[in-house]
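*Asks:* Going by this note's numbering, the sequence shown opens with residue 9, and the numbers climb by one from there.
Every residue, glycine too, gets a C-beta built ideally from N, C-alpha and C.
Below is a structure I'd like to ask you about.
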Amino acid sequence: MPRVIPGPPATEKSSKSIALAPRHGQLYLAYITKTSAFIFRNCTEVLQVIEQPFDDNPLECIAFDRRTGQIALSSGQDFVIYDEVYTFVPEEQNRTNGQTGVHTDGLNITWTYGRRSSVSGTPIRSLSWGLGGEILVSNNHLSLFHLSTQTQDLRNTWSYPLAAEVEAAIFSPDASLIASYGRHDRLVKVWRRLSDRVSSTGAKTSDFDFIYLPHPRMVDDVKWRQPLHEDLLVDNIVYTTSVDQELRAWTSDIPHDSHLLTLHETLSLECDYDCSRKVAVVLDDDVFAWALTKATKRGPAGDEQAEAETLLKRISKGQFEVVLTLSIDGSMDAFTLHNLGSRNDKESTQELFFTSSGIPLLRDYRGSLDDIWISAEVQRHGDHDLLLFVGCPDHIVVYEAQLFGLFSIEPVVNKLLVLDGHRAHIDALLASPEKKIKSRDVDEKTITWKLENNIYMKAILSENELKDTNVSSNHATMVPPEIQAAVTEDIQLVSCTDEWTAVVTSAVAGRVQIWRNGLSTTFSGAPESVFFASETVVSMCWTTDHIHPVKLVVCTNYSVYVLSASCLINEADQRWIMSWSYHTRTLMAQVISHVVYDTGNIIVSVASQLYTFAEEEWYCHNKSLTYNEELPLFHPSFLRQLIALGKFDGARTILSHFHDALINSSAVTDLRACLNLTDEQLFSETRTKSSQDKTNQSTRYGALFDTGAPDSGVDGAFSSSKAASLISLLKAISVAELQDDDVEELRLLANALVRIDPDESSLDLMGRRFYMSYIIMQERNANRSSTEVSQLTDEDVLWASKSEKQDILLTLVKSSVTSLTWQAAKAAKVFLWLKDRTALLQVAEIVAKAEFLKGEARDPVAASIWYQAMHKKATLLSLWRISGTHPEHNLTTKILANDFEQSKWITTANKNAYALVGRRRFEYAAAWFLLAGSLKDAIQVCIRNVADLDLAFAIARIWEDDHRGVVTTSILDKNYQDLARCSGSRVLACWASEFAGKFHESMQIATKTFGPNTRDTPALISVYEDLRRRTGPSANEREIVKYVIGLLELRGCHRISRYIARTWEYQAPTYGSSQQQTQEELTLEDYKAKKREVLVEAPQAIYQEPTMDSFAAFDF
């Protein structure tokens, strides 16, 4: 199912635009804009879009019945009810059909129009569901309607006129009470249900009386305590907030008179400084207990979460509510409210048990906090425990969090859903070169969207006009002249790349002609392929990201098609075929207007909404549909994959034969046929004599990954002179299969293969892979500007970290640069792969000296962080003493001469570090933190302020005696793993786990679904092969091999994929190992059994941020 950007909330009080209901073990979310209602499952999948049911009147309120699943919508004085309808779907259909509603364990759920009614008076301001089909409708009356189960009619059973229009009226969870308040009221009315009255005709009518809950200032919000499930009974507790910046908890002291609510606790929401008020979110007893049980079952991740677990277990005694207060600067205070409710004979109390800063929930908001509300719900599935809903007048954001992560010193929350967008119809959509999406509506409002963690967030509001390059009345000027001359009909739509052009003419609105441009090859004068859609084509775009094979996206009124180049060479008119489609009629009634492609996502606009299809949904790996034509052996992409598998000799053999073919190019008509090499020439290993005596199995695929035997010239020598000759020939002869970039890549590969040849005897396979990429990176950067710096890939880092010849690699790296400064060491990723402690400190010493000497004047500041990390203060002091011309020489020399084992000088170093942070001298500040012994603070400065994770990792490794030290491991487990998830780099995640010694975890990452934006390469097979040797085979081995074969075919490397499929030797998995165990989801029964467990632990100290005095100036 697609993700949706639906539009802003229907009303300024956005809490009225959203409703939640746990149903069938899932959490359903209903949300309204002014024109449509959207139903989500688990806050990610949009299941159904309900178009405007009130003609052209805007939607205003929504309510979701937790018991029956019914949804109520209102507009003006009218309201309508939608009924939940579900059917059971066969298992096969449930698994394969993704467009007919939502499937939950074979359950297909939809919502259908039920009945409509209206009230007299002012427009409806609030809707709330009660028991047995009751719904409370509020305006300047409170009106209770009852839905008859026999006649399905709505009958008004109670109505009460009010002096002023109500702002909200909400049923308590057991429907025995109603809390209501007006827009400017200082009183909250609590209505108690009385016995039904029976008329002379036998009709029953409801009746209520009420009491007042007085407040000193105007009330602005009311919330009932909610049970986790409708079967659970809880005391009725109502929370109110008012403009006097107080949160009040009201409940009854008398079990039999639960309507007699009294004030039990008051919590201040006033800030200690002038930054508006705080916002409070209540984690009800059931919500917190469920989340804690689920989090405890999963266990903490890292030391900080372990501390949070200890803290939360300590406070979880008896019945209590948790209240979080958040301010706009990111600070959060957590309180417990104990003994609320009539079931406790103890006096209610409150306790501040946790304080932190840095939670990002409110940092992006620039308005008044008076307009913000936050609520919490349990995350029933996945690895997170809580959902936090943050709403303001123009958008709502849903975050997910792990409980232990939320109560860590550095709280961690992830955005899950953003409810934002346009109010009016979108009339233009553009993918900008900056990897952003721009959309403009008919009201001339332009929004710029940026992809963050797989979610499109509003980036900038621009007033500039948006030029739509995809949809226009006349695209003929974009058509290449040779195609425009060949097309005899009027062109209605066109979309172009450097190689391909897609054209729709006015003669047949559903026909797409795909032409190959004359600039890329000999122009044929006819389209390569023709695709016929059943509806009018309204928009097209190409997936041009230079990562995957190009595809064409075609949108009709109600369908999205992806066309892929197939390998059906004998059927020229069928070269482009449909590989994926999505039909929108089952989800929405509006027609599609535009489509663009951005960073793996297909984005279509429908009315005022944007729908995004992630890559894993539309990028089909079906072999019969989407694989590319087979590349020639001399193509650099094929050579790259061959080298990645360690076949350096095979690459040299190809280039040698290619060189000979180009010399005889006048007599050669087909270069592909000329390079008809055997598998033995491409893939076999040539070993030393002693190695050949041990084995004769040269065709076994396992030899591809032998790290102990280097290649040595299979078929003729590829010397430096032949490489130079090949490059000259490529400049003189035009090869149809190679573009200019391909020729440049061949030049780099040829030179690198020549340079690496003398070093192969001393390097193992992993080392050769790394050194090959390092040579190419250096040569590429030497010919580029400073703004286009090439970098090593995550695969290269992994190869170097696996190499057993790291001493030789280090020597080669040091000899390749004139001075091993930090930038040179960072480019070679030395501190990410070098494991020997002695060698690591030697490199750190070399880098420190290089930093000191790299400028015209000696700079001890640049070297400070390195010497402090090595605990060499005395050496650093000597450098300061010989740097007499430095402006800070005298003062720094004086202070460094002191004993920093004393608390006085430790405090001084910390103060200086904070002052340097304020002056934005971040690396120098990290050095002073190290001088004070504060490694964690230094690391945080490197990560947050310097934005250099590699520097932080290097400093941590140098400081700690073991490369698996506490801080080093924390960076691997948290920062690098988070970076891997965000970037979609499975290999980076594998490296982080392996470097921390977690090989089984690395196997899990390599063999299971990694993330929605995963960017895998065929090198994954090498990663798996090495892990299999360490941990044993995986149960998913066949899927991994099949997946890599598909990746190779997508890149046109069919020769390699066929060889792997033919020669791979599968191994039986070892069951019962730790990686085969999976954690079961927490069920309601588990929760009920564990909810009241008392977990007692020793008290844990609460972390406190440093005071503002810590940011004083230098204290010399």
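Using the C-alpha atoms, what's the distance from residue 599 back to residue 120?
*Replies:* Mapped onto the sequence shown, residue 120 falls at position 112. Mapped onto the sequence shown, residue 599 falls at position 591. The alpha-carbon atoms of residue 120 and residue 599 are separated by roughly 21 Å.
*Asks:* Return yes when the Cβ of residue 13 is within less than 9 Å of the Cβ of residue 3, no when it is not.
*Replies:* There is simply no residue 3 to check, as the chain begins at 9 and stops at 1124 in what is shown.
*Asks:* I need the boundaries of the beta strand (DSSP E) containing residue 228, first residue and last residue.
*Replies:* If you number the sequence shown from 1, residue 228 lands on position 220. Unbroken beta strand (DSSP E) run through residue 228: 227-232.
*Asks:* When the Cα of residue 153 is compared with those of 417, 127, 218, 863, which residue comes out closest?
*Replies:* Numbered from 1 along the sequence shown, position 145 holds the residue referred to as residue 153. The shortest C-alpha separation from residue 153 is found at 127.
*Asks:* Between the region 776-785 and the region 810-830, can you find at least three pairs of beta-carbon atoms closer than 8 Å?
*Replies:* They touch, by the three-pair rule.
*Asks:* Hey, residue 150 and residue 167 are a contact pair by Cβ (cut 8 Å); roughly how many whole angstroms apart?
*Replies:* If you number the sequence shown from 1, residue 150 lands on position 142. If you number the sequence shown from 1, residue 167 lands on position 159. Indeed they touch by this definition, with Cβ atoms about 7 Å apart.
*Asks:* Judging by CA-CA distance, which residue of 567, 685, 188 is the nearest neighbour of residue 172?
*Replies:* Locating residue 172 in the sequence shown gives position 164, counting from the first residue. Nearest C-alpha to residue 172: 188.
*Asks:* Pull up the DSSP beta-bridge partners for residue 309, would you.
*Replies:* As a working mapping, residue 309 is identified with position 301 in the sequence shown. None; residue 309 has no bridge partner.
*Asks:* Compare the beta carbon distance of residue 908 and residue 944 with 9 Å and say whether it is the shorter of the two.
*Replies:* Counting from one through the sequence shown, the residue named residue 908 turns up at place 900. Counting from one through the sequence shown, the residue named residue 944 turns up at place 936. It is not a contact, given that the beta carbons lie outside the stated cut-off.
*Asks:* Let me know the secondary structure DSSP gives residue 586 once reduced to three states.
*Replies:* Within the sequence shown, numbered from 1, the residue matching residue 586 stands at position 578. In this structure, residue 586 counts as strand in the three-state DSSP scheme.
*Asks:* In chain order, what residues of the same chain lie with their CB nearer than 7 Å to the CB of residue 313, ignoring the 5 residues before and after it?
*Replies:* Stepping through the sequence shown from its first residue, residue 313 is reached at position 305. Correct list, in chain order: 412, 413, 416.
*Asks:* Are the beta-carbon atoms of residue 772 and residue 809 separated by less than 9 Å?
*Replies:* Here residue 772 is taken as the residue at index 764 of the sequence shown, counted from 1. Here residue 809 is taken as the residue at index 801 of the sequence shown, counted from 1. Not a contact, by the Cβ cut-off of 9 Å.
*Asks:* Where does the unbroken alpha helix (DSSP H) through residue 543 begin, and where does it stop?
*Replies:* As a working mapping, residue 543 is identified with position 535 in the sequence shown. Counting along the chain, residue 543 falls outside any alpha helix (DSSP H), and DSSP gives it neither H nor E.
*Asks:* Name the two residues that bound the continuous beta strand (DSSP E) containing residue 832.
*Replies:* Taking the first residue of the sequence shown as position 1, residue 832 is located at position 824. Careful: residue 832 lies outside any beta strand (DSSP E), inside the alpha helix (DSSP H) at 830-835.
*Asks:* Between residue 520 and residue 560, is the Cβ-Cβ spacing less than 9 Å?
*Replies:* For this step, residue 520 is matched to residue 512 along the sequence shown. For this step, residue 560 is matched to residue 552 along the sequence shown. Contact flag set, yes.
*Asks:* Give me the Cα-Cα distance between residue 488 and residue 504, rounded to the nearest whole angstrom.
*Replies:* On the sequence shown, residue 488 is found 480 positions in, with the first residue counted as 1. On the sequence shown, residue 504 is found 496 positions in, with the first residue counted as 1. Their backbone Cα atoms lie some 9 Å apart in a straight line.
*Asks:* How about residue 537 and residue 588: do their beta carbons lie closer than 9 Å?
*Replies:* As a working mapping, residue 537 is identified with position 529 in the sequence shown. As a working mapping, residue 588 is identified with position 580 in the sequence shown. Contact flag unset, no.
*Asks:* Between which two residues does the beta strand (DSSP E) containing residue 803 stretch?
*Replies:* For this step, residue 803 is matched to residue 795 along the sequence shown. Here residue 803 belongs to no beta strand (DSSP E); instead the alpha helix (DSSP H) covers 802-810.
*Asks:* Between which two residues does the beta strand (DSSP E) harbouring residue 399 extend?
*Replies:* Indexing the sequence shown from 1 puts residue 399 at position 391. Here the beta strand (DSSP E) through residue 399 covers 394-400.
*Asks:* Quick one: which unbroken alpha helix (DSSP H) runs of 4-plus residues sit fully inside the region 742-775? Chain order, please.
*Replies:* List check, alpha helix (DSSP H) in window: 748-764.
*Asks:* Quick check on residue 25: buried or exposed, where buried means 16 or more other Cβ atoms within 10 Å of its Cβ?
*Replies:* Indexing the sequence shown from 1 puts residue 25 at position 17. Residue 25 is buried by the Cβ-count criterion.
*Asks:* Is the beta carbon of residue 622 sitting closer than 9 Å to the one on residue 462?
*Replies:* Taking the sequence shown and counting its residues from 1, one reaches residue 622 at position 614. Taking the sequence shown and counting its residues from 1, one reaches residue 462 at position 454. Their beta carbons are under 9 Å apart, which means residue 622 touches residue 462 by this criterion.
*Asks:* Anyone know if the C-beta pair for residue 947 and residue 934 falls short of 9 Å?
*Replies:* Here residue 947 is taken as the residue at index 939 of the sequence shown, counted from 1. Here residue 934 is taken as the residue at index 926 of the sequence shown, counted from 1. Cβ atoms of residue 947 and residue 934: closer than 9 Å.
*Asks:* Quick check on residue 860: does DSSP put it in helix, strand or coil?
*Replies:* Locating residue 860 in the sequence shown gives position 852, where the first residue counts as 1. If DSSP states are grouped into helix, strand and coil, residue 860 belongs with the helices.
*Asks:* Excluding sequence positions up to five away, which residues of its chain have a Cβ less than 7 Å from the Cβ of residue 540?
*Replies:* Along the sequence shown, read from residue 1 onward, the residue named residue 540 stands at position 532. So the list reads 518, 519, once near-sequence residues are dropped.
*Asks:* What separation, rounded to the nearest whole angstrom, lies between the Cα atoms of residue 635 and residue 664?
*Replies:* Translated into positions along the sequence shown, residue 635 becomes position 627. Translated into positions along the sequence shown, residue 664 becomes position 656. Only weak support is given to the placement of residue 635: the predicted model assigns it a pLDDT of 43, under 50, and the value that follows is read from those uncertain coordinates. Each residue's alpha carbon lies about 28 Å from the other.
*Asks:* Taking DSSP as the reference, what is the three-state secondary structure of residue 121?
*Replies:* Here residue 121 refers to the residue found at position 113 of the sequence shown. Strand, per DSSP.
*Asks:* Take every Cβ of the region 332-350, pair it with every Cβ of the region 433-452, and state whether three or more of those distances are shorter than 8 Å.
*Replies:* Output reads no: the region 433-452 does not touch the region 332-350.
*Asks:* Count the other C-beta atoms from every protein chain shown that fall within 10 angstroms of the C-beta of residue 749, then say buried if there are 16 or more, exposed otherwise.
*Replies:* Sequence index remark: in the sequence shown, residue 749 carries index 741 (1-based). By the 10 Å Cβ count, residue 749 comes out exposed.
*Asks:* With burial defined as no fewer than 16 other Cβ atoms inside 10 Å of the residue's Cβ, what is the status of residue 140: buried or exposed?
*Replies:* If you number the sequence shown from 1, residue 140 lands on position 132. Exposed, since its Cβ has fewer than 16 Cβ neighbours within 10 Å.
*Asks:* By a C-beta neighbour count over all protein chains shown, 10 Å radius and 16 as the cutoff for buried, is residue 70 buried or exposed?
*Replies:* The sequence position of residue 70 within the sequence shown is 62, counting from 1. Buried, because 16 or more other Cβ atoms sit within 10 Å of the Cβ of residue 70.
*Asks:* Since residue 377 sits in a beta bridge, which residues does DSSP pair it with?
*Replies:* On the sequence shown, position 369 is the one that residue 377 refers to. Answer is none; residue 377 lacks a bridge partner.
*Asks:* Assess contact between the region 957-967 and the region 834-843, defined as three or more Cβ pairs (one per stretch) separated by less than 8 Å. Is contact present?
*Replies:* Flag = yes, the region 957-967 and the region 834-843 touch.
*Asks:* In this structure, how does DSSP classify residue 176 when only helix, strand and coil are distinguished?
*Replies:* One-based indexing of the sequence shown puts residue 176 at position 168. Reduced to three states, the DSSP call for residue 176 is strand.
*Asks:* Is it the case that the region 423-437 contacts the region 401-411, given that we only count it when at least three CB pairs across the two stretches are under 8 Å?
*Replies:* Flag = yes, the region 401-411 and the region 423-437 touch.
*Asks:* Is residue 249 buried or exposed, if buried means 16 or more other CB atoms sit within 10 Å of its CB?
*Replies:* Stepping through the sequence shown from its first residue, residue 249 is reached at position 241. Flag for residue 249 reads buried.
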